[in-house]
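Novice:
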Amino acid sequence: MKKYQLGEFEEIVMLTVGILYDEAYGVSIKKEIESRLKRGVSVGALQTALKRLEDKGYLKSREGEATEERAGRPKKYFTITAYGKKAMEYTKSTRDELWSAIPKVALKVEFS
Amino acid sequence: MKETLTPPKLATRFFRWYCHPKLRNSIEGDLMELYGERLAKSGKLKANALFIKDVLLLFRPGIIRPTEGYKNLNTYGMYKSYFKIALRSITKNKTYSLLNIVGLSAGLTCFAFIALWVNDELSYDKFNTNYDRVFRLVSAEKREINFIESAMSSAPMAKALLDDYPEVENAVRMRMREEIVTHKNQQVLQPGILLTDPSFFDVFSYDLTMGNTATALSEPFSIVLTESSAKKYFGDDSPIGQTLLLNMYDSTGYGVNYMVTGVMPDPPRNAHFTFSMLASFKTIEVVNPDVLTVDGWGDGSFYTYVLLRKGVDYTAFSNKIALFYGKYIGELFNVWRSIYSYRLQPLSDIHLRSNLRNEIAINGSITQVHIFSTIGIFILLLAGINYTNLATAHSSGRAKEVGVKKVAGADKRQLIFQYLSESVLMAMVALLLSFLFQGLFQPFLYQVTGKNLLLFSSPLLAVFLFGATFLLGILAGLYPAIVLSGFKPASVLKGSFKSGSKGVLLRKTLVISQFAITMTLITGIVIIYSQMSFIKHRDLGYNKDALLFLRVHGNTDVIRGYTAFKNDLQNSPLISGVAVSNSMIVGGLGSGGSETVDENGNLLQVNTSRLRVDPDYMEVYGIDLLVGRNFTQQSSAQDTRPVILNEMAVKKFGWNDNEAAIGKPFTMGNIRGEVIGVVNDFHYTSLEQSIQPLAIYPLDGRFSRITLKVDISQADKVVTFVENTWKKHFPSVLFDYDFVSQQIREQYLAEQRFSDVFLCFSVLSLVIACLGLYGLISFTVFQKTKEIGIRKVLGATAKSIAVMLSGDFMKLVLFACFISIPVAWYVMDKWLQNFAYRVDLSWWMFAAASLLVLLIAVLTVSLQSVKAAMANPVDSLRSE
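So the protein sequences, as listed, match chains B and Y.
Residue 44 is where the first sequence starts when you use this note's numbering, and the numbers rise one by one after that.
Residue 6 is where the second sequence starts when you use this note's numbering, and the numbers rise one by one after that.
#1: For THR137/B and VAL60/B, I'd like the C-alpha separation in whole angstroms.
#2: First and last residue of the alpha helix (DSSP H) that includes GLY69/B?
#3: Would GLU54/B pass as an interface residue toward chain Y - the criterion being a Cβ-Cβ separation below 9 Å?
#4: Quick check on DSSP: helix, strand or coil for ASN572/Y?
#5: Find the residues of chain Y that neighbour LYS119/B, judging by a C-beta separation of less than 9 Å, and give them in chain order.
#6: Using Cβ-Cβ distances below 9 Å, what residues of the segment 229-246 of chain Y are close to chain B?
#7: What is the DSSP secondary structure of PHE658/Y, counted as helix, strand or coil?
#8: Assuming GLU75/B and LEU63/B make a contact with CB atoms under 8 Å, what is their CB distance in whole Å?
#9: Cα-Cα, which of PHE140/Y, MET673/Y and HIS688/Y is closest to ASN651/Y?
#10: Just the Cα atoms here: how many angstroms apart are PHE383/Y and GLY316/Y?
#11: Taking the alpha carbon of ILE326/Y as the reference point, which residue from PRO26/Y, ILE228/Y, VAL143/Y and GLN373/Y has its own alpha carbon closest?
#12: Just to confirm before moving on: does the CB-CB distance between GLY100/B and THR124/B stay below 9 Å?
#13: Name, going along the chain, the residues of the segment 79-91 of chain B whose beta-carbon falls closer than 8 Å to a beta-carbon of chain Y.
#14: Per DSSP, what kind of secondary structure is ASP743/Y in: helix, strand or coil?
#15: Could you name the residues of chain Y that GLY69/B contacts, counting a contact when the two beta carbons are closer than 9 Å?
#16: Return the chain-ordered list of same chain residues with a C-beta closer than 8 Å to the C-beta of ASP241/Y, the five sequence neighbours on each side being excluded.
#17: Which complete alpha helix (DSSP H) runs does the segment 764-845 of chain Y hold, if anything under 4 residues is left out?
#18: Compute the Euclidean distance between the alpha carbons of SER586/Y and LEU109/Y, then round it to the nearest angstrom.
#19: Establish whether the CB of ALA130/B and some CB of chain Y are separated by less than 9 Å.
#20: Is the beta carbon of ILE782/Y closer than 9 Å to that of LEU868/Y?
#21: In whole angstroms, give me the CA-to-CA distance for MET269/Y and ARG182/Y.
#22: ASP35/Y to TYR126/B, Cα distance in whole Å?
#23: From GLY385/Y to ALA435/Y, what does the alpha carbon distance come to, in whole angstroms?
#24: For GLU140/B, which residues in chain Y fall below 7 Å Cβ to Cβ?
#25: What are the residues that DSSP puts in a beta bridge with ALA700/Y?
#26: Among all the DSSP beta bridges, which residues are the ones paired with TYR451/Y?
#27: Helix, strand or coil, according to DSSP, for SER737/Y in the structure here?
#28: Taking 9 Å as the CB-CB limit, is GLU112/B close to chain Y?
#29: Does the beta carbon of ILE68/Y sit closer than 9 Å to a beta carbon anywhere in chain B?
#30: Work out the CA separation of ILE806/Y and SER400/Y for me, nearest whole Å.
#31: What are the residues that DSSP puts in a beta bridge with MET269/Y?
#32: Between the C-alpha atoms of ILE355/Y and TRP836/Y, what's the straight-line distance to the nearest angstrom?
#33: Using three-state DSSP, classify GLU679/Y as helix, strand or coil.
#34: According to DSSP, is ARG116/B part of a helix, a strand, or is it coil?
#35: I'd like to confirm the pairing. Which residues does DSSP put opposite GLU184/Y in its beta bridges?
#36: Give the interface partners of ARG116/B over in chain Y, defined as CB-CB distance under 7 Å, in chain order.
Dropping the structure here:
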C-alpha cells in the first residue's frame, strides 16, 4: 500500500516537472503551477516538496547555468526518474481504479 | 534590468545562515530571480516584503541545515560511531551488561543516599549567618572520683559574660521544656517549648513573620508560635494577642496564660535543636527570682550561647573564662574553683562532635558520618570493580574489533578514548536507573533515617553525583581500555591470539578486595546485631517489664490526691505496686555534688547521680537492698536525711564494703544526711555509659512520675483501668502514660537505626560482589566450554568439573576472609568502645560471617559451574 508515497501537492509538483520537461527549476515550476492551477505557491512549500521528492528518489537534479537575474546563482533543474514515473503511474492508476469503481448513480448529484 | 539586485540584507543573511548548504545556491537564485521580477513589476517595497515573506516561509525542517553540519570537518561522526558501538556491545552481551548496570546502579543509589545523608548531617546549624561565631558555654565538674562535662550552665552567666568581656557581642539563654497546653478545654502534651531571651533572634538566624523580634520575648508569659503550632491551636485565625494555658512556671499548679506575641516560620530541621514555640526567659526570672542570685550560679539547668565579636580567637578566650564566675559567688569560690570550670564549644562542633551530659537534643555522631561515607565509597568501588572485572574478562571477545580498527588506522589514544566513553556511557545509564531506584526507595530511606531527604532538593548534590558517576566510569574503564587498546593487530587478526590470561592477576586482586570489603561489612553487622541483642537482653538490675508510668506534669491536684488514687489502684488485682519518684531511671538522672568521708574520716567531695523516691519504689522496681534498711514513710520529717547509695558509690568512695557504708555522713546541698542502705548497681542510663555512684533519698512531697507494677499479660485492660481511675480522681488532668520497657527501647533508637542501615548496606555489598562473581564465573565457563567437553569425554565426572570451576574462585573468597578478619576486628572493637557494657568479640562472629559469605559465594558460583558440568559434551564439541 505504502509503496509509493505521494502527497497531493507533491503530485502536482511531479506533474508540473513533467510538463516543463527540461526547463523545470524552482521559479518556472512555481509560475507554471500558479498559472495552471490559479493558486499561490510559496517558495518554501515548493522547495520543501522538491527536496522531499529528490530524497525519495522520484526526482533528480542537475545544476544549470548561472544568469545575471539570479545574481550569479545556478539554476537547479529537476527531471523525473524512472522510479518517480512509477510512483506517478501508481497514483494515477489507483485513482482510476477508484473512479471506475464508483457506481454511476452515486455521481448523479446536482448542485442545488 | 541593469540595476543590481539588493533585497533586504538582514533577510538574506538570515536565509544564508539557516539554509542547508546544498540547497543554498539554487534557492537563493530562485529568490533573486523572483525578486528581480517583482521589483520590476510592483516596486521595491512590495518586492522587499514578499522577499522577507518567502525567506520566513522557507524556514522549515526540510530546508534548515542539520545542526551537525553536512560535511564532517570534525570527528563528530567518530564519536557517533563510538556511541553506536557501545550501545551494540551493551545489547550484545545482555546478561553481562545487566549485571554491570544493575550493580552500578545499586551502588550509585546507595552512594547517593549516603551522600544525601552525610550532606544533611554536615549541614546542621549552617543556616546561621553567625555560624562560626556562636559558641556554647560548657561546664565541667571535676571531683575526686569523676570528671563530668555538661552542656548546661546557669542563668546569670550570659549577662556576666556579656558585661565583663568586650569579646562577647551577644549572649542568649535557653531552656527546653515539654509541657501540657490547654486550649479550648483540650489538653495536649507539647514538646519543644524553648524558653529564651530576645537576643535569640540576634545570635541565631531566626525571624518572625508576625510580631517584633525586639519585643516579642521581652515580657514574661509571652510566647512565639511556629507556623505549624499556630495552625494547630488557632487554625487560620490570627494568633497574635490570643492566649494559651500552659502548665509551665506557674505557682498555682493549674497552668497560667501565656500571650502569643509573634509567629515565626517552622525552624529548620537541620539544627541541633528545634522547637515548636518560644517562650520568654523573663518568665523564669519572674516566677523564680532565685535563678539570678548566688544560688542561681549553682543551678546548672540552662543553656548559654554567646556570639563572639569578629576576629576573636575563641580558644584563647575560652581559656580566659574558665573561672569567670569567681567574682559573683563570694566565699563559695574557695570551694568551687577547684571543681567547676567553663569553656566554649563552637556551634560547628555541637551536632556531630559533642556528647556531653544534658545535650539539648540527641546529636549525630561524626563516627557514623565517617563509617557511612566509607561504606558509600566502598560500595561504589565494589560496583566499579565489577565493571573493570567483567570488561577485562570480555576483552578477548572484542580483540578482532580492535585489530580491524587498528588496521584501519586508529591509534591507541583513540581506542582508549572509545572504551572509556563506553564505560562512562554504561555508568550514565546506571545513574539514570539509580534515579529511578532512589525514587522507589525514598519512603524507605525516610523510615530508616527519619529525615526526608530528596536528591533534587539540592541541585549541587545531583551535579556531584553526575561527577562521581563520570569519575567512576573513567576509573572502572581505564584498565580495560588500556588492555583492549594494547592488542597487537597482527596477532589478533591472524587468529593465533589467545586471551583470558591477560589481567588475571588484576581480576583476582579485585575479587579478593571485593569480598574482603563485603566480609568486613557482614562481620560488622553480625557484631552489631549481637551487641543489640546483648543490650535488649541484659539484666538491668531492676525489673523493666510490667512497669507502667504516669507523668504528673507538676499538677497540684495529682500530688494532693495521690494517696486516694494509689489506694484505688491497689485494690485491683491488676496492679501489684505503686510508687512515686522525681525522675525516671531511664535515660539518665540529674547529678550534683555531695560531701562525705573516706574510710579514714577525711572529707571527700563527690559527685553522684540523684534520685528521690518514696519507700515503695525499691519494691516496685525490684531493686535489691543489699544491706541496711529502706526509707520509712515519715523519714523526710527527720532532721538528718536518710540516703541509700548504690554499690558503685561504695566502691568509688573507697569504702571497705557495703556494711561499712552504713552510718557514713552524706551531705547534699547543706542538708546533712546519713547512709542507711546500699542497693545493687542497676542501670539508670543507657548501656553506653557505665554506672556511676548514685544517691537515693526521700521525696520532699512533690514528685513527677508515678510508676505502677502491673499485670503485663493484660496490658490493654490495665491501661483502661488506670485511665478510668485517673479520670475519676483527676478529671481535668491529661492522662499521659508509657511503659518503661518502651522508654528503654526508644533509648536505643539511634543504634537501632544505625544497625538497620548497616544491614541494608552489607546485604547490598554482598549482592554486588556476588553479581560480579556470577559474571566472572559465567565468562570462565564460556571460555572453557571446549575444555569441559573434552574432560567429560575423557571420563571426568560432573562433580569434579564443578569443583574444578568453583575451586579457583573459592580460594579467592577464602583469602578475602583472612584479610577481612583483622580489619573487622579492629573497626568493630572501636565501635564497641562506645558502649560501657558490650559483648566480647569472639571467634564465632567472624566464623559465622565468613561462613555465610562463603556459602553465598559457593551458591553463586555453582549456579553456573554445575550447569556447565552437567552439559552434554556433544553440544560443546560438535562445532568447530
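In this text, a Cβ means the ideal position worked out from N, Cα and C, and glycines have one as well.
Specialist: The relevant details are as follows:
#1: Rounded to whole angstroms, the gap between the alpha carbons of THR137/B and VAL60/B is 21 Å.
#2: 69-80
#3: no
#4: helix
#5: LEU28, ASN30, SER31, ILE32, GLY34 and ASP35
#6: none
#7: coil
#8: About 6 Å; that satisfies the 8 Å criterion.
#9: HIS688/Y
#10: 40 Å
#11: VAL143/Y
#12: yes
#13: SER85, VAL86, GLY87, ALA88, GLN90 and THR91
#14: strand
#15: In chain order: SER31, ILE32, GLY34, ASP35, LEU36, GLU38 and LEU39.
#16: The beta carbon of ASP241/Y sits closer than 8 Å to no other beta carbon from its chain once the five residues preceding and following it are set aside.
#17: 790-798 and 803-837
#18: 56 Å
#19: no
#20: yes
#21: 19 Å
#22: 26 Å
#23: Sequence inspection shows Leu at residue 385/Y; the Gly mentioned does not correspond to that position. If you take the alpha carbons of LEU385/Y and ALA435/Y, they lie about 12 Å apart.
#24: Ordered by position in chain Y, no residue passes the 7 Å Cβ test against GLU140/B, which lies about 31 Å from the chain.
#25: ARG615/Y and LEU650/Y
#26: Partner(s): none; TYR451/Y has no beta bridge.
#27: Residue state for SER737/Y is assigned as coil, using DSSP reduced to three classes.
#28: yes
#29: yes
#30: C-alpha separation (whole angstroms): 25 Å.
#31: DSSP output for MET269/Y lists THR231/Y as bridge partner(s).
#32: 20 Å
#33: strand
#34: DSSP places ARG116/B in coil when its eight states are reduced to three.
#35: DSSP output for GLU184/Y lists GLN195/Y as bridge partner(s).
#36: ASN30, SER31, GLU33, GLY34 and MET37
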